[in-house]
Amino acid sequence: MQIAYRAQDLTEAHIVAGMLRTKGIAAHVSGHYLQGALGEIGAGEFTNVMVDDVDLKQARALIDEYEGEPRTAPGRASGDPRIDDYALGFLLVVLVTLALLVLLV
777 MQIAYRAQDL TEAHIVAGML RTKGIAAHVS GHYLQGALGE IGAGEFTNVM VDDVDLKQAR
837 ALIDEYEGEP RTAPGRASGD PRIDDYALGF LLVVLVTLAL LVLLV
(Lines of atoms letter the chains of each structure in order from A; the text may use other names.)
(Lines give C-alpha, C1' and ligand atoms only; values in the text may rest on other atoms or scores of the structure.)
Protein backbone atom coordinates (compact mmCIF):
# COMPACT_ATOMS: atom_id res chain seq x y z
CA MET A 777 0.00 0.00 0.00
CA GLN A 778 1.10 3.53 -0.73
CA ILE A 779 0.00 6.98 0.38
CA ALA A 780 -2.39 8.45 -2.16
CA TYR A 781 -3.39 11.52 -0.13
CA ARG A 782 -2.12 13.37 2.95
CA ALA A 783 -5.18 14.85 4.65
CA GLN A 784 -5.38 17.87 6.92
CA ASP A 785 -7.52 15.94 9.42
CA LEU A 786 -9.32 12.67 9.95
CA THR A 787 -12.62 13.91 8.51
CA GLU A 788 -11.04 14.99 5.24
CA ALA A 789 -9.24 11.66 4.98
CA HIS A 790 -12.53 9.77 5.31
CA ILE A 791 -14.19 11.99 2.70
CA VAL A 792 -11.42 11.24 0.19
CA ALA A 793 -11.35 7.53 1.08
CA GLY A 794 -15.12 7.33 0.65
CA MET A 795 -14.89 9.02 -2.73
CA LEU A 796 -12.25 6.51 -3.84
CA ARG A 797 -14.36 3.58 -2.60
CA THR A 798 -17.34 4.79 -4.67
CA LYS A 799 -15.05 4.61 -7.71
CA GLY A 800 -14.10 1.00 -6.91
CA ILE A 801 -10.71 1.67 -5.30
CA ALA A 802 -10.05 0.05 -1.93
CA ALA A 803 -8.84 2.83 0.38
CA HIS A 804 -7.65 2.75 4.00
CA VAL A 805 -7.34 5.73 6.35
CA SER A 806 -4.29 5.64 8.60
CA GLY A 807 -3.62 7.81 11.64
CA HIS A 808 -6.76 7.12 13.70
CA TYR A 809 -4.87 6.54 16.93
CA LEU A 810 -2.63 9.55 16.43
CA GLN A 811 -5.68 11.82 16.51
CA GLY A 812 -6.42 10.77 20.09
CA ALA A 813 -2.81 11.13 21.15
CA LEU A 814 -2.48 14.64 19.76
CA GLY A 815 -5.90 15.77 20.96
CA GLU A 816 -7.00 19.26 19.96
CA ILE A 817 -3.77 19.88 18.06
CA GLY A 818 -4.95 17.52 15.35
CA ALA A 819 -3.13 14.83 13.46
CA GLY A 820 -2.23 16.86 10.41
CA GLU A 821 0.51 15.33 8.27
CA PHE A 822 -0.09 11.99 10.00
CA THR A 823 -3.54 11.23 8.60
CA ASN A 824 -3.18 9.54 5.22
CA VAL A 825 -5.32 7.74 2.69
CA MET A 826 -3.63 4.54 1.59
CA VAL A 827 -4.39 2.54 -1.58
CA ASP A 828 -2.98 -0.58 -3.20
CA ASP A 829 0.05 -0.09 -5.44
CA VAL A 830 -1.90 -1.00 -8.57
CA ASP A 831 -4.59 1.63 -7.82
CA LEU A 832 -2.22 4.48 -6.97
CA LYS A 833 -2.20 6.17 -10.38
CA GLN A 834 -5.99 6.10 -10.75
CA ALA A 835 -6.49 7.22 -7.14
CA ARG A 836 -4.19 10.22 -7.57
CA ALA A 837 -6.01 11.21 -10.77
CA LEU A 838 -9.35 11.13 -8.93
CA ILE A 839 -7.90 13.08 -6.01
CA ASP A 840 -6.49 15.72 -8.36
CA GLU A 841 -9.95 16.05 -9.90
CA TYR A 842 -11.49 16.32 -6.41
CA GLU A 843 -9.04 19.03 -5.34
CA GLY A 844 -9.71 21.02 -8.51
CA GLU A 845 -13.48 21.23 -7.93
CA PRO A 846 -14.82 24.50 -6.52
CA ARG A 847 -16.24 24.23 -3.01
CA THR A 848 -19.75 25.72 -3.29
CA ALA A 849 -22.99 24.83 -1.58
CA PRO A 850 -24.96 22.19 -3.49
CA GLY A 851 -27.75 23.53 -5.67
CA ARG A 852 -26.45 27.06 -5.64
CA ALA A 853 -24.32 28.77 -8.25
CA SER A 854 -21.29 30.64 -6.96
CA GLY A 855 -21.90 34.37 -6.86
CA ASP A 856 -25.68 33.89 -6.54
CA PRO A 857 -26.87 37.09 -4.79
CA ARG A 858 -30.16 35.62 -3.54
CA ILE A 859 -30.61 35.20 0.19
CA ASP A 860 -32.17 31.87 1.06
CA ASP A 861 -35.54 31.60 2.79
CA TYR A 862 -34.07 30.51 6.14
CA ALA A 863 -31.90 33.61 6.37
CA LEU A 864 -34.87 35.85 5.59
CA GLY A 865 -36.98 34.07 8.20
CA PHE A 866 -34.25 34.44 10.80
CA LEU A 867 -33.89 38.14 9.98
CA LEU A 868 -37.65 38.61 10.36
CA VAL A 869 -37.65 36.92 13.78
CA VAL A 870 -34.76 39.09 14.97
CA LEU A 871 -36.44 42.30 13.76
CA VAL A 872 -39.77 41.41 15.40
CA THR A 873 -37.98 40.56 18.66
CA LEU A 874 -36.11 43.87 18.62
CA ALA A 875 -39.32 45.79 17.88
CA LEU A 876 -41.08 44.10 20.82
CA LEU A 877 -38.16 44.89 23.13
CA VAL A 878 -38.24 48.56 22.10
CA LEU A 879 -42.01 48.76 22.65
CA LEU A 880 -41.88 47.07 26.06
CA VAL A 881 -39.03 49.17 27.42
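Numbering (this note's numbering), first residue to last: 777 to 881. No residue lacks a Cβ here, since even glycine has one placed at the ideal position from N, Cα and C. Predicted model, so just to flag it, every value in this text is computed and none were measured.
Quick one: is residue i buried, meaning 16 or more other Cβ sit within 10 Å of its Cβ, or exposed?
i, result
"residue 861", "exposed"
"residue 807", "buried"
"residue 786", "buried"
Give the straight-line distance between the Cα atoms of residue i and residue j, rounded to the nearest whole angstrom.
i, j, result
"residue 864", "residue 845", "29 Å"
"residue 779", "residue 798", "18 Å"
"residue 835", "residue 809", "24 Å"
"residue 825", "residue 866", "40 Å"
"residue 838", "residue 796", "7 Å"
"residue 871", "residue 782", "46 Å"
"residue 805", "residue 784", "12 Å"
Residue j and residue i - do their beta-carbons sit closer together than 7 Å?
i, j, result
"residue 803", "residue 789", "no"
"residue 791", "residue 831", "no"
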